[in-house]
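Residue numbers (this note's numbering): 1 to 430.
C-beta atoms are modelled at their ideal positions from N, C-alpha and C, and glycine is treated no differently.
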Amino acid sequence: METQSILIKNVTMPLSPVKKGSVLIENDLILEIGPDGGDQADVVIDGEGKVLIPGLVNTHTHLSMTLLRGMADDLPLQTWLEDYIWPAEAHLEGDHCYAGALLAALEMIRTGTTCCNDMYFFMDEVARALDEAGLRGVVSHGMIDTGDEEKRKKEIRETQRIIDKCHNTAEGRITVALGPHAPYTCSEELLRWSREKANQEDLQIHIHVSETEGEVQNVLESTQKRPFEYLDSLGLLGPDILAAHAVWLSEGEIKLIKERGVKLSHNPVSNMKLASGISPVTRLVEKGVCVSLGTDGAASNNNLDLFQEMKTATLLQKVNLMDPTVLPAGKVMEMATSDGAAALGLEDEIGTIEVGKKADLVLVNMMAPHLTPQRSPLSHLVYSAGGSDVDTVICNGQILMQEKEVLVLDPVEVMEMAQGASEDLLQEVR
Ligand SMILES: [Zn+2]
1 METQSILIKN
11 VTMPLSPVKK
21 GSVLIENDLI
31 LEIGPDGGDQ
41 ADVVIDGEGK
51 VLIPGLVNTH
61 THLSMTLLRG
71 MADDLPLQTW
81 LEDYIWPAEA
91 HLEGDHCYAG
101 ALLAALEMIR
111 TGTTCCNDMY
121 FFMDEVARAL
131 DEAGLRGVVS
141 HGMIDTGDEE
151 KRKKEIRETQ
161 RIIDKCHNTA
171 EGRITVALGP
181 HAPYTCSEEL
191 LRWSREKANQ
201 EDLQIHIHVS
211 ETEGEVQNVL
221 ESTQKRPFEY
231 LDSLGLLGPD
241 ILAAHAVWLS
251 EGEIKLIKER
261 GVKLSHNPVS
271 NMKLASGISP
281 VTRLVEKGVC
291 VSLGTDGAAS
301 NNNLDLFQEM
311 KTATLLQKVN
321 LMDPTVLPAG
331 KVMEMATSDG
341 AAALGLEDEI
351 GTIEVGKKAD
361 LVLVNMMAPH
371 LTPQRSPLSH
381 LVYSAGGSDV
391 DTVICNGQIL
401 MQEKEVLVLD
411 PVEVMEMAQG
421 ASEDLLQEVR
């Protein structure tokens with residue numbers, strides 16, 4: 001492969017030791033960060049008036065659920081799931097998942113997300129969409145056996161198929177994780193199998209834990225333990241576990257999460273929209289737990305904009321604790337970048353602007369009324385900006401969007417395909 005270099009010059013970098021200067025990218029890596037000088041690169045991007053941040057990391061998504069966006073709002077969780085989401089999902093085919101994931105990929109590019117952690121179905125189709133979009137992702141087949149042995153075998157077979165087909169593909173941008181859906185939908189056998197498989201093949205485990213109070217009660221009744229205690233009794237907890245939600249936690253569970261090195265994905269918008277509750281994020285962060293950010297699926301958010309998620313995360317903690325000093329902008333920005341990378345075990349590759357790391361970078365245009373006067377870039381990014389302020393996106397050294405023009409996908413084609421797939425899917429339900 002021929003060497004390809006990109007120089008981003010005159011750019012402000014609030015999250016790098018060099019606050020203003022240039023970044024030189026060679027192939028997939030950041031080669032140099034320093035003061036401005038020289039124009040020696042295949043592509044030169046002028047960063048004047050822009051801020052460079054690491055590509056955002058969305059640690060809990062169901063990308064293909066973009067097809068279900070807006071179909072059932074303002075409903076209680078069980079009604080939402082049982083009457084709307086599950087009946088629609090029962091008719092899902094690979095083509096739907098591909099179209100939905102491609103739409104999600106387009107939305108992520110437009111809003112500055114370069115890496116996601118996705119759990120759903122037909123994950124080879126999701127991986128294909130991410131690959132075509134040039135994005136990075138960890139994909140897991142969501143396994144649900146509800147104690148049925150035949151179902152368990154089927155789920156394990158599908159997971160193996162996805163590992164064989166997708167793990168470490170797309171120049172290393174796509175990896176596969178294990179996806180036992182949740183402690184209340186998976187049998188003890190399936191959870192134990194996930195731990196063994198993770199150890200054997202050095203894979204991450206992506207699981208929902210303690211999203212709702214009702215689910216904690218269910219696990220308490222059936223196992224006499226709280227969800228994290230139950231998972232620990234099976235030997236499941238460890239630094240390779242990414243637990244999504246973690247809303248309802250006891251003090252003992254917080255201690256356990258810290259001791260086992262479990263990583264969390266906080267999804268404030270989804271938790272608020274479904275009225276699931278408020279995760280004790282401030283307490284977790286104080287304890288030194290790695291808390292990253294996720295949007296959850298578009299059916300319960302209803303978008304994939306991590307800028308909104310950052311602002312919501314900090315506002316929710318402030319009002320909940322009646323303390324405006326908690327979760328300051330700098331920390332929230334870390335949750336969406338370096339903590340997200342660490343949550344996926346990718347801290348050596350992405351999440352910061354550092355020499356030797358993968359070139360997953362996002363330029364935000366600060367020349368806008370709502371971002372004026374130019375003052376603290378971190379404050380503006382968290383409290384004033386939105387995903388639509390993203391100007392240029394680079395992932396693995398490839399420019400995916402430049403000055404708001406998406407180079408890797410045809411946006412109109414992608415939206416039309418998703419519209420068609422959504423109509424096809426929902427027509428089956430009615
Ligand atoms: Zn979820």
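Check whether the Cβ atoms of residue i and residue j sit closer than 8 Å, and answer yes or no.
i      : j      : result
GLN317 : GLY386 : no
GLY47  : LEU363 : yes
GLY294 : SER338 : no
LEU304 : ALA127 : no
SER64  : GLY100 : yes
SER279 : ALA246 : yes
VAL412 : LEU102 : no
LEU236 : SER210 : no
VAL139 : ILE174 : yes
LEU130 : VAL406 : no
HIS62  : ASP118 : yes
LEU15  : VAL355 : no
GLU188 : LEU234 : yes
ASN332 : ALA313 : Correcting the residue identity first, residue 332 is Val in this sequence and not Asn. Yes, the pair counts as a contact, with Cβ atoms nearer than the cut-off.
ILE162 : PRO180 : no
ILE254 : ARG226 : no
LEU56  : GLY142 : no
ASP95  : ALA421 : yes
VAL289 : LEU327 : no
Go ahead and pull the three-state DSSP assignment for residue i.
i      : result
CYS186 : coil
ARG110 : helix
VAL269 : helix
ALA177 : coil
GLU435 : Because residue 435 is not part of the residues shown, which for the chain are 1 to 430, the question remains open.
GLY235 : coil
ILE159 : The displayed chain sequence assigns Thr, not Ile, to residue 159. Helix, per DSSP.
VAL362 : strand
ASP296 : coil
THR337 : coil
SER22  : strand
ASP389 : helix
CYS116 : strand
GLN374 : coil
CYS290 : coil
GLU349 : coil
GLU403 : coil
ASN199 : helix
THR169 : strand
VAL412 : helix
LYS331 : helix
LEU191 : helix
LEU284 : helix
LEU92  : coil
LEU264 : strand
VAL326 : coil
LYS357 : coil
Can you give me the start and stop residues for the alpha helix (DSSP H) that residue i sits inside?
i      : result
LEU306 : 306-321
LEU256 : 251-260
VAL209 : That residue, VAL209, is in no alpha helix (DSSP H); its beta strand (DSSP E) goes 205-209.
GLN217 : 213-223
ALA133 : 123-133
Along the chain, where does the beta strand (DSSP E) containing residue i start, and where does it finish?
i      : result
SER140 : 136-143
GLU2   : From DSSP, GLU2 is part of no beta strand (DSSP E); its letter is neither H nor E.
PRO278 : Note on residue identity: the sequence assigns Ile, not Pro, to residue 278. Element bounds for ILE278: n/a, residue is neither H nor E.
LEU242 : 241-245
Shorter than 8 Å from the beta carbon of residue i to some beta carbon of chain C?
i      : result
GLY172 : Of the protein chains in this structure there is only one, and it is not chain C.
Along the chain, which unbroken stretches of the beta strand (DSSP E) at least 3 residues long are found entirely within the segment 29-85? Entirely contained in the segment 29-85, the beta strand (DSSP E) runs reaching 3 residues are, in chain order, 29-34, 43-46, 50-54, 56-61.
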